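Residue numbers (our numbering): 745 to 884.
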Amino acid sequence: MKKLKADGRWLMALFALVACSKPDASLVQLPDRNAPQGTRKDEPPVAVNPDVPIEYPPALYQQGIEGRVLLRLFADSTGELDPDSTKVAESSGYPALDSAAVAAAPRLHFAPGRHNGAPVAMSFTQPIEFRHPQSAGVTP
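Spelled out as structure tokens, the structure:
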């Protein structure tokens with residue numbers, strides 16, 4: 745009987761030692777789905793005039809050709825675009841659509857990007873969609 749009591753104390757001491765030891769750094773901790781989500785560290789600039797009139801190239805419009813151009817832009821901490829920063833990050837496959845998107849970029853206005861809630865200058869991508877209102881759509 746004494747031996748059981750001694751083993752019981754040993755077992756309690758072992759549990760206490762394990763509970764107080766450092767966690768294994770090689771284990772990966774998954775996020776708790778029920779934990780509240782924190783704010784995102786980086787938030788890209790947000791368009792404040794998303795319905796900017798973009799000149800649809802007339803020849804492509806008449807043919808019902810559609811496409812998506814992904815622009816790479818740079819906005820300062822006030823949301824103002826650097827006009828020299830506009831680049832085509834992903835082409836639509838139609839040079840005329842790409843050129844129209846680049847030409848429209850100066851008319852886009854943005855709220856500034858944020859890092860930990862503070863406005864910051866940053867580079868970001870902005871899609872420009874060319875959709876014909878009466879077309880089933882022809883894309884490359």
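Virtual Cβ for every residue (Gly too), placed ideally from N, Cα, C. What you are looking at is a predicted structure, and each value in this text was computed from that prediction instead of being measured.
Taking the beta strand (DSSP E) that residue i belongs to, which residues open and close that run?
{"i": "P871", "result": "M866 to F874"}
{"i": "L815", "result": "G811 to A819"}
{"i": "A832", "result": "A small fix is needed here, since residue 832 is Val in this sequence, not Ala. That run of the beta strand (DSSP E) goes K831 to E834."}
Are the CB atoms of residue j and residue i within a distance shorter than 9 angstroms?
{"i": "A862", "j": "A819", "result": "no"}
{"i": "T869", "j": "L815", "result": "yes"}
{"i": "I809", "j": "A845", "result": "no"}
{"i": "V796", "j": "A847", "result": "no"}
Please state whether DSSP places residue i in a helix, a strand or coil.
{"i": "L852", "result": "coil"}
{"i": "L841", "result": "helix"}
Return the bridge partner residues of residue i from the DSSP annotation.
{"i": "E787", "result": "R858"}
{"i": "A847", "result": "Per DSSP, none; premise fails for A847."}
{"i": "P863", "result": "R858"}
Using a Cβ-Cβ cutoff of less than 7 angstroms, which residues in the same chain neighbour residue i once the five nearest sequence positions on both sides are dropped?
{"i": "A855", "result": "P789, V790, V792 and G823"}
{"i": "L841", "result": "P801, L804, G811, V813 and F874"}
{"i": "P827", "result": "P850"}
Looking at the secondary structure, which residues open and close the alpha helix (DSSP H) in which residue i lies?
{"i": "Q806", "result": "P802 to Q807"}
Using a Cβ-Cβ cutoff of less than 8 angstroms, which residues in the same chain neighbour residue i once the five nearest sequence positions on both sides are dropped?
{"i": "A833", "result": "L814, L815, R816 and T869"}
{"i": "R858", "result": "D786, E787 and V864"}
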